[in-house]
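Inspection log for the structure reproduced underneath, given as structure tokens.
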Amino acid sequence: MRNTIAVMNTKGGVGKSTIVLALAETLSAYHGKNVLVIDSDSQASASAMLMTIPNLHRLQQNALTLVDYLVARVLQNAESDWPRFVVRNVSDVDDARSVYLIPSDMQLTLFEREVSKESLHGRLRSVIGELLAGARNVFDIILIDCPPGLSVLTESWLREADYHISPTKADYVSVCGLEVFRRFKALNPEMGFAENLGVLVNMKEAMSPTEEDYHAWLRSNPDNRCFEQVVPRAVTMQEAARFHDPDRSYLAKYPGQMGKSLRLLAEEVLVRMGHPLGAAPATPPSTTLAGAGSAQGREPGSARSTSSAP
Numbered sequence: 001m002r003n004t005i006a007v008m009n010t011k012g013g014v015g016k017s018t019i020v021l022a023l024a025e026t027l028s029a030y031h032g033k034n035v036l037v038i039d040s041d042s043q044a045s046a047s048a049m050l051m052t053i054p055n056l057h058r059l060q061q062n063a064l065t066l067v068d069y070l071v072a073r074v075l076q077n078a079e080s081d082w083p084r085f086v087v088r089n090v091s092d093v094d095d096a097r098s099v100y101l102i103p104s105d106m107q108l109t110l111f112e113r114e115v116s117k118e119s120l121h122g123r124l125r126s127v128i129g130e131l132l133a134g135a136r137n138v139f140d141i142i143l144i145d146c147p148p149g150l151s152v153l154t155e156s157w158l159r160e161a162d163y164h165i166s167p168t169k170a171d172y173v174s175v176c177g178l179e180v181f182r183r184f185k186a187l188n189p190e191m192g193f194a195e196n197l198g199v200l201v202n203m204k205e206a207m208s209p210t211e212e213d214y215h216a217w218l219r220s221n222p223d224n225r226c227f228e229q230v231v232p233r234a235v236t237m238q239e240a241a242r243f244h245d246p247d248r249s250y251l252a253k254y255p256g257q258m259g260k261s262l263r264l265l266a267e268e269v270l271v272r273m274g275h276p277l278g279a280a281p282a283t284p285p286s287t288t289l290a291g292a293g294s295a296q297g298r299e300p301g302s303a304r305s306t307s308s309a310p
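Taking the UniProt record's numbering, the leading residue of the sequence shown gets 1, the next gets one more, and so forth.
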């Protein structure tokens, strides 16, 4: 099944991690999807949005993050089971019980330096390919939060994932980032590349003629495959990025027009992927994840205990 999506733009500050968060929670709450978020950005923004900071630090200290898996498999050439790094029930939305996470760590930047220093690009891509191949058979949707720029890690995700989504602002600098990405994608086509699922205009100002002009320019190029749905700029989206304890409902986190926009976007994503729509409760992932460990996504005794995948 083609179900892996790399979310990236060479330009930072376009709301990439927030879109990953919102899509994961919407697909879980409204379409009953088991969604795995792989946080591959060293800033760990998606991880911090999906769990409490103390427990994210605990996972990092206990070597249960993406970088720990990659160091073992790529730098040390050792065996390591990816399900051990999956944390379950990591959303603060009580309707979104089927969101899972492989968290990130700032050490990812140092890991990438070692990969480049030791010329281990091929091994990195192979390990990422194996991880995604395993995850495809367990989860309905896998969202990869890639760091901005075109690092060796981002390139590996883009060459092994099925699709990519490029969030962008409707402004000059962000649009330039898309052009850099387009040129990069044209290099070495024989190595394979994720299919463009679409360009998503994010944080759009409703009354800005300049942004409307840039949006029209993006839509005029059919290669962009711009999503019909845009995500408006809203204070509620900034608040949604802060992990909330105790849990809240989906409509409390994404109220009004913001929630409607995200639900329409999730539907459009599924339609473009050829996946079924629906609100049936998610079936727990396969027993591939059984006995994966005891990582906690919330402090013991909190409203919802989030442990490693069942």
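Ideal placement from N, C-alpha and C gives every residue a C-beta, glycine not left out. Only a predicted model underlies this, so the values are computations on that prediction, with no experimental measurement involved.
| message | Rounding to the nearest angstrom, what Cα-Cα distance links residue 118 and residue 72 in this structure? | response | Sequence index remark: in the sequence shown, residue 118 carries index 118 (1-based). Sequence index remark: in the sequence shown, residue 72 carries index 72 (1-based). If I take the Cα positions, the gap works out to 15 Å.
| If we ignore side chains and look at the alpha-carbon of each, how far apart do residue 228 and residue 269 end up? | Numbered from 1 along the sequence shown, position 228 holds the residue referred to as residue 228. Numbered from 1 along the sequence shown, position 269 holds the residue referred to as residue 269. Their Cα atoms are separated by approximately 10 Å.
| Based on Cα-Cα distance, which residue from 258, 43, 243 and 263 lies nearest to residue 110? | By one-based count along the sequence shown, residue 110 stands at place 110. Cα-wise, what sits closest to residue 110 is 43.
| Within 10 angstroms of its Cβ, does residue 17 collect 16 or more other Cβ (buried), or is it exposed? | If you number the sequence shown from 1, residue 17 lands on position 17. That one is buried.
| Under the DSSP definition of a beta bridge, which residues are partnered with residue 165? | For the purposes of this step, residue 165 is taken as the residue at position 165 of the sequence shown. Paired residues: 7 and 198.
| request: Identify the continuous alpha helix (DSSP H) that holds residue 50 and give its terminal residues. | output: Your numbering for residue 50 matches position 50 in the sequence shown. Its alpha helix (DSSP H) spans residues 45–50.
| request: Could you please give me the residues that DSSP links to residue 232 through a beta bridge? | output: On the sequence shown, position 232 is the one that residue 232 refers to. Partner(s): 204.
| task | Determine the direct distance from the alpha carbon of residue 105 to that of residue 74, and round the result to whole angstroms. | result | Looking up residue 74 in the sequence shown gives position 74. Looking up residue 105 in the sequence shown gives position 105. Computed Cα separation, rounded: 16 Å.
| CA-CA distance, residue 13 and residue 165? | The sequence position of residue 13 within the sequence shown is 13, counting from 1. The sequence position of residue 165 within the sequence shown is 165, counting from 1. Going from the Cα of residue 13 to the Cα of residue 165 covers about 15 Å.
| query | Can you name, in chain order, every residue of its own chain whose Cβ lies under 7 Å from the Cβ of residue 125, other than the five neighbours on each side? | reply | Position 125 of the sequence shown, counted from the start, is the residue given in the question as residue 125. Counting only Cβ-Cβ distances below 7 Å, and skipping sequence neighbours, we find 156, 159 and 160.
| From residue 219 to residue 278, what does the alpha carbon distance come to, in whole angstroms? | Against the sequence shown, residue 219 aligns to sequence position 219. Against the sequence shown, residue 278 aligns to sequence position 278. So the alpha carbons of these two residues sit roughly 29 Å apart.
| query | CB residue 340 to CB residue 37, shorter than 7 Å? | reply | The chain is shown from 1 up to 310; residue 340 falls before or after that span and cannot be answered.
| request: Would you tell me roughly how many angstroms separate the C-alpha atoms of residue 6 and residue 242, rounded to the nearest one? | output: Within the sequence shown, the letter at position 6 stands for residue 6. Within the sequence shown, the letter at position 242 stands for residue 242. One C-alpha to the other measures close to 23 Å.
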